[in-house]
Amino acid sequence: MSEIRASEVLRPGERVDLEMVPAFGGTEEEKKYYITKIYEIPDDDHIDVLMPMEKTKLLLLEVDTEFQAFFYGRKGIYTCEARVAERYREEQFVAASLEITSELKKQQRREYYRYSCVIGMNTRRLTEEEMVQYETTKNSDLFEQPEDKSVIVDISGGGIRFVTPMAYEKGDLIYCRFLLSTGEQQKTYSCVVKILNSQPVGNHTKNVEYRGEFRYLDDRKREAIIHYIFEEERRLRRRG
Numbered sequence: 003m004s005e006i007r008a009s010e011v012l013r014p015g016e017r018v019d020l021e022m023v024p025a026f027g028g029t030e031e032e033k034k035y036y037i038t039k040i041y042e043i044p045d046d047d048h049i050d051v052l053m054p055m056e057k058t059k060l061l062l063l064e065v066d067t068e069f070q071a072f073f074y075g076r077k078g079i080y081t082c083e084a085r086v087a088e089r090y091r092e093e094q095f096v097a098a099s100l101e102i103t104s105e106l107k108k109q110q111r112r113e114y115y116r117y118s119c120v121i122g123m124n125t126r127r128l129t130e131e132e133m134v135q136y137e138t139t140k141n142s143d144l145f146e147q148p149e150d151k152s153v154i155v156d157i158s159g160g161g162i163r164f165v166t167p168m169a170y171e172k173g174d175l176i177y178c179r180f181l182l183s184t185g186e187q188q189k190t191y192s193c194v195v196k197i198l199n200s201q202p203v204g205n206h207t208k209n210v211e212y213r214g215e216f217r218y219l220d221d222r223k224r225e226a227i228i229h230y231i232f233e234e235e236r237r238l239r240r241r242g
């Protein structure tokens, strides 16, 4: 089914996000989302996952239900369409066999979903010396903390759009620090963003809107940001 072999890029224990495909005529609000893990990979056309849990409740995936599946592997994020082919019990686990029904593809940066938000952030432009250092080490944890005030207005796994009164230029490397909160969990992220373009903010304010891409972002941080977006989207749909 796929040129990418699941057994070569995925392994048991890695996270899976399942987005249910609505029935014909269904609405976006009727979509359901599940988070689980790979149990085993019997062959390259099937991936078995543990039944998802919600608190202490086991959520049984119905046979023939179709999903858009996102697999967070050690070599990146992969996605495909999948169908629940069967359910079974294995020792103390209840699992579902997902049949891959489309090509397994690696998630590309241009495909990252941009999530609109309002998140406070501290920023500062890297010095020429720091830019050279970062291009060599790819490690932003060595820098002094940023203090310029900015606000993220949308975020994705590929980058951010933010507003600030600070003057940055296209091509600048900006050291960013921000906090993402999901439920009771909070995590601080430090990363470097390359400025792609800018535009003035309306109403004659002194603020400027910048769009930037993450530069050498660690895969774990990128996946955590995508998880945050996924969780926030699901939370908003539940509320709405």
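Using this note's numbering, you'd call the opening residue of the sequence shown number 3 and step up by one each time. Positions of the beta carbon are idealized from the N, C-alpha and C atoms, including for glycine. Predicted, not measured: the structure shown is a model, and the values here were computed from it.
Consult DSSP for residue i and reduce its assignment to one of helix, strand or coil.
i, result
"residue 61", "coil"
"residue 11", "helix"
"residue 270", "With the chain running from 3 to 242 in the structure shown, residue 270 is simply not present."
"residue 223", "helix"
"residue 237", "helix"
"residue 107", "strand"
"residue 42", "strand"
"residue 79", "strand"
"residue 116", "coil"
"residue 5", "coil"
State yes or no: is the C-beta of residue i within less than 9 Å of the C-beta of residue j?
i, j, result
"residue 120", "residue 52", "no"
"residue 166", "residue 152", "yes"
"residue 172", "residue 200", "yes"
"residue 54", "residue 37", "yes"
"residue 156", "residue 126", "no"
"residue 74", "residue 106", "no"
"residue 197", "residue 218", "no"
"residue 78", "residue 108", "yes"
"residue 17", "residue 233", "no"
"residue 164", "residue 214", "yes"
What residues match up with residue i in a beta bridge as DSSP calls it?
i, result
"residue 212", "164 and 200"
"residue 97", "52 and 90"
"residue 21", "35 and 70"
"residue 102", "84"
So is the beta-carbon of residue i under 8 Å away from any non-hydrogen atom of the ligand SAH?
i, result
"residue 11", "This structure does not include the ligand SAH; it has no bound ligands of any sort."
So within the region 122-205, which uninterrupted alpha helix (DSSP H) runs reach at least 4 residues, ignoring any that extend past its ends?
Counting whole runs of 4 or more residues, the region 122-205 contains the alpha helix (DSSP H) stretches 130-139.
If we count Cβ pairs, one from each stretch, closer than 8 Å, do we get three or more for the region 182-191 versus the region 141-149?
These segments do not touch.
Does the pairing of the region 53-68 with the region 79-92 give three or more beta-carbon distances under 8 Å?
Per the Cβ contact rule, the region 53-68 is in contact with the region 79-92 (3 or more Cβ pairs under 8 Å).
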